[in-house]
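In what follows, a structure is listed as C-alpha cells, so that the remarks can point back to it.
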Amino acid sequence: MLGMNLLEVLRGRFYQALENWAPDPATAAALVKPATDSKFGDYQANAAMSLGKAMGKPPRQVAEELLARLKWDDILEKPEIAGPGFINLKFKTEYLEGLLSQAAVDSRIGISPVAKPGRYVIDFSGPNVAKPMHVGHLRSTILGESLARLLRFLGHDVITDNHLGDWGTQFGILIHGYRTKLDAENLKKNPVAELARLYVEVRKDFKTAGDEDEGTPGDPVQDACRLETAKLHRGDAENIALWQKFMPACLEEIEAIYNRLDVHFDHVLGESFYQPMLGGVVEDLLARGIARESQGAVGVFLTEEGPPSLIRKSDGAFTYTTTDLATIDYRIREFQPTDILYVVDSRQALHFQNLFETARRWGRTGTDHGPRLVHVAFGSVLGSDRKPIKTRDGKAVANLDQLLDESVRLAGEIFDANKAEDADPSSRSSVTEAVGMGAVKYADLSQNRTTDYVFSWEKMMAMEGNTATYMQYAYARCQSILKKADVTPETINTKASIHLRAQEERALAMQLLRMEEILLVAASDLRPNVITGYLWDLAKAYSVFFQNCPVLKAPSELLPSRLLLCYLVARSLRLGLNLLGIRVIERM
RNA sequence: GCACCCGUAGCUCAACUGGAUAGAGCGUUGCCCUCCGGAGGCAAAGGCUACAGGUUCAACUCCUGUCGGGUGCACCA
C-alpha cells in the first residue's frame, strides 16, 4: 500500500529533483504543501522563492529549472508557475481513481502505519479519587484518550497510565469524616455515595471555602484532617486500613465515568504506588549533589536565585515532585518508552519544566538517552464569564456525572424531535448516549488544546456546524444510502472502478485521500483538533457531493463508483470519530 | 517583583508552523424542499490579526518594545 500519502509522494518527487542541484534539498522539499486555495490546484511547492535567493537566480527561473528536473507526467497535470514562483500542482484524476480503488480494498483505508514506531507512555486524567470529578478533569481525560487512540492507530506502541491522586489530603478528610460523621448503614449499602457524602459534609465545616483541601492554619477541622493525613503517610495501621477500605469504592466511582466515556487505561498506578520509592529518590539526589538541604527541607535548586523544587518538606513528607521523579524512573525501567506524554493543565507548566530538568540532571533523560518528556498542556475550562470554573461554583456544570447526564438528556430532546423515517424507539438510549458523549467530547477536542476552553451548553450541543452530531448524522446518511442500495460492507463491490467525473466527486476524493497526511500532523502536534478540522472538511465535501451527484439514481455505469465513495466516506468518518473516542450510529 | 501563556469578524474558534485575496460556525440579510435523511446547500455583510517598530522576496506566524487579559512562582498536589 505504498504511495497513498499524496504529500509524501510529492515531497519525494521534489527531493529527487532537488538533490545534487539545490542546497538543502530536504528543507526545500518540505516546502511542498497543500494548496492554500483549491483554484491553485491540489498542492503547491513554495521552494523556488527562497532558492532563488540562495542560488542567485530569479525565482521563476528556478521554478522552471526545477520543473525540468521533476518527474511529474505520470501522476500530475502539467505544473504551473504562478506569482513570484509558486509551483501549482494538480493530480491527474486517473491517479486519484487508482489510489481510491486501493483504499477501498484496504482494511486501513490506505493509511499506512509509521515506518519507525515509538513507544509512548501517556499519562492522563489523573483525578484525585474520593473527590467528585468535575469538568476540570474532562479535558485531560478526553484529550489523552484521543491521543492514545491516534498514536496507536498509527502503529506506535502506546501504554496508557492513570496516575491517580490516591494519597492526598482528601483521605485525611475522609478519615476524619469517618470518625465523626459516619452513617455506618449507608456505608454498607452504598459505599460510593456515603464516602462522597462524608467528603462534602466535612468540607462544609472548613472555615474557608477555597478549592484546596488545605491552606488555612488555625481551622480546627482542617487541622484534624491534616493530622489524619499525616498519620496515614506515617504508616499508621488504623488509617492505612481505612485507606484500603475506601479505595475500592473510590475506584468504582471513577470507573463508572470512564466506562461511560469509553476511556481505558493499561495501568492505574497512582501516587500511593510510588510511596515506597520516594525515600530512595531523595537519598540518591542528595548523594549525587543534585539536591541539597535548606531550611530543614530538601530541594533541587535549578537556578541561582529562584525558589527550589522541594522533594522533601521540613516535616519529612515528600512532595508531588518526588512522586513524579519516582514515576519517571519507574516508567523508564518498566516500559523503556521513547516518549512520555503528560496530558495536564497548562498551569503546571513550571512544575513540568522543573521536573524535566531535574530528571535530566538525574541522568534519566538526555539528548542521547532516555525518553522525550513532553508536557501536553491545555487551557483551563472557563465559565461563560471567562473565569475559570471552580469546583465550588457548583451549578449543574461542576459535577461531571451530572454534566454527562445533562448532555444525554439534551440529546434525547433532539432524538425525539427528529422525524427519522425509520426511527427505532428501542435504540433511543444507545443513540442518545452516543450523541451526548460525542457532543461533549467533540466540543472539547475541536478546539486547539493550548487555548482556554469556554464551557457552553449551547455550543456543546449545537447540532449545526462543526459538531459531533453533524458528523454522526453524515455517517448515518451514508449508511442510509448504502442500505437503500441494498449493499452491506460484506456485499459492496469494493473492486468496482471509481470514476471521478464531476468536480464534486474529485473534491471529495482529494479529501478522502488526505487523511493519512492529516493524522500525521495531528500526531506530531499532539492536537486532535487537526482531526476534527479534517472531518469537518470531509463532511462538507460529502454534503456538496451528495447535493449535486445523485447516487441511487446515478447512471448505471456510475452507480457502483458513487456507492463506493459513500462507503469510503462512511469508513473515514467512522475511523476519524473513533480516534476521537466518539461512537458512530448506524441510524439516528 | 520575576517567569510562562494569550490578544484574529458582534460572539465562539481556525489558519497544516513563514506563502498568493486571513477562513469556519453561531447571530444578521437574501435565495434553494414534485430532489437518495433540510441536523443541509448557495450567496451577502462583517477585519489596520491589540498597538508601534524590526527581520524577510513574503509575517496572524519570527525578534524587540508598549498596552490589555490569564496563569504560575519553598514546605497543597
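For the first sequence, numbering that gives the first Met the number 0 assigns the number 587 to the last residue and increments by one with no breaks.
All C-beta atoms in this analysis are idealised placements derived from N, C-alpha and C, irrespective of residue type, glycine included.
Per-residue burial, residue i [other beta carbons within 10 Å of its own, 16 or more giving buried]
| i | result |
| --- | --- |
| R346 | exposed |
| K394 | Only weak support exists for where K394 lies, its pLDDT of 44 falling under 50; the value from the coordinates is given anyway. K394 should be labelled exposed. |
| D485 | exposed |
| P219 | exposed |
| D443 | buried |
| A416 | exposed |
| A255 | exposed |
| T26 | exposed |
| N528 | buried |
| Q352 | exposed |
| L567 | buried |
| Q446 | buried |
| S106 | exposed |
| Q335 | exposed |
| N492 | exposed |
| H263 | exposed |
| D323 | buried |
| R526 | buried |
| P559 | buried |
Same chain only: Cβ atoms within 6 Å of residue i, ignoring 5 sequence neighbours per side
| i | result |
| --- | --- |
| M276 | A325 |
| Q169 | N127, A129, K130, D212 |
| N185 | E193 |
| Y533 | I517 |
| R582 | A433 |
| M460 | L409, A438 |
| Y257 | none |
Rounded C-alpha distance that separates residue i from residue j
| i | j | result |
| --- | --- | --- |
| S379 | A467 | 22 Å |
| I80 | A46 | 12 Å |
| L403 | D367 | 45 Å |
| S425 | K458 | 28 Å |
| Y441 | R138 | 11 Å |
| L66 | P33 | 18 Å |
| V550 | M3 | 26 Å |
| A540 | Q60 | 36 Å |
| L153 | P24 | 27 Å |
| G55 | S49 | 10 Å |
| Q478 | R500 | 23 Å |
| N19 | A28 | 13 Å |
| Y94 | I530 | 25 Å |
| A376 | P57 | 44 Å |
| H133 | T140 | 11 Å |
Delimiting residues of the beta strand (DSSP E) encompassing residue i
| i | result |
| --- | --- |
| D344 | 338-344 |
| R371 | 371-377 |
| V31 | 31-33 |
| E79 | 79-81 |
| D156 | 156-160 |
| D122 | 118-122 |
| F85 | 85-88 |
For residue j and residue i, believed in contact at Cβ under 8 Å, the rounded distance
| i | j | result |
| --- | --- | --- |
| G295 | S271 | About 25 Å separates the two Cβ atoms, so there is no contact after all. |
| R589 | Y474 | Because the chain in this structure spans residues 0 to 587, residue 589 falls outside the shown range and cannot be described. |
| R259 | M509 | R259 to M509, Cβ: 37 Å. No contact. |
| V267 | L197 | Rounded, the Cβ-Cβ distance is 23 Å, inconsistent with contact. |
| I480 | L563 | Not really, about 12 Å apart at Cβ, beyond 8 Å. |
| L69 | A16 | 4 Å |
| L98 | L512 | 6 Å |
| Y329 | Y273 | 7 Å |
| R148 | G575 | Not quite, the Cβ-Cβ distance comes to about 11 Å (not below 8 Å), so this is no contact. |
| E515 | N547 | Actually they are not in contact, since the Cβ atoms of E515 and N547 sit about 27 Å apart, beyond 8 Å. |
| D338 | Y472 | Not really, about 36 Å apart at Cβ, beyond 8 Å. |
| G217 | V201 | Contact flag wrong, Cβ pair sits at about 17 Å. |
| L285 | A522 | Contact doesn't hold; Cβ gap of about 40 Å is too wide. |
Same chain, Cβ closer than 7 Å to residue i, five either side skipped, listed in chain order
| i | result |
| --- | --- |
| G362 | none |
| G369 | I331, R363 |
| L349 | none |
Start and end residues, alpha helix (DSSP H) containing residue i
| i | result |
| --- | --- |
| S145 | 135-152 |
| E515 | 514-524 |
| A569 | 558-578 |
Beta-carbon contacts of residue i that lie in its chain and below 8 Å, excluding the five residues immediately before and after
| i | result |
| --- | --- |
| V31 | L6, L9, R10, F13, Y42, Q43, A44, N45, A46, L88 |
| M246 | V128, D165 |
| F205 | T215, D218, V220, Q221 |
Check: residue i C-beta below 7 Å from any heavy atom of the ligand PLP
| i | result |
| --- | --- |
| E303 | In the structure on display, the ligand PLP does not appear, and there are no ligands present to speak of. |
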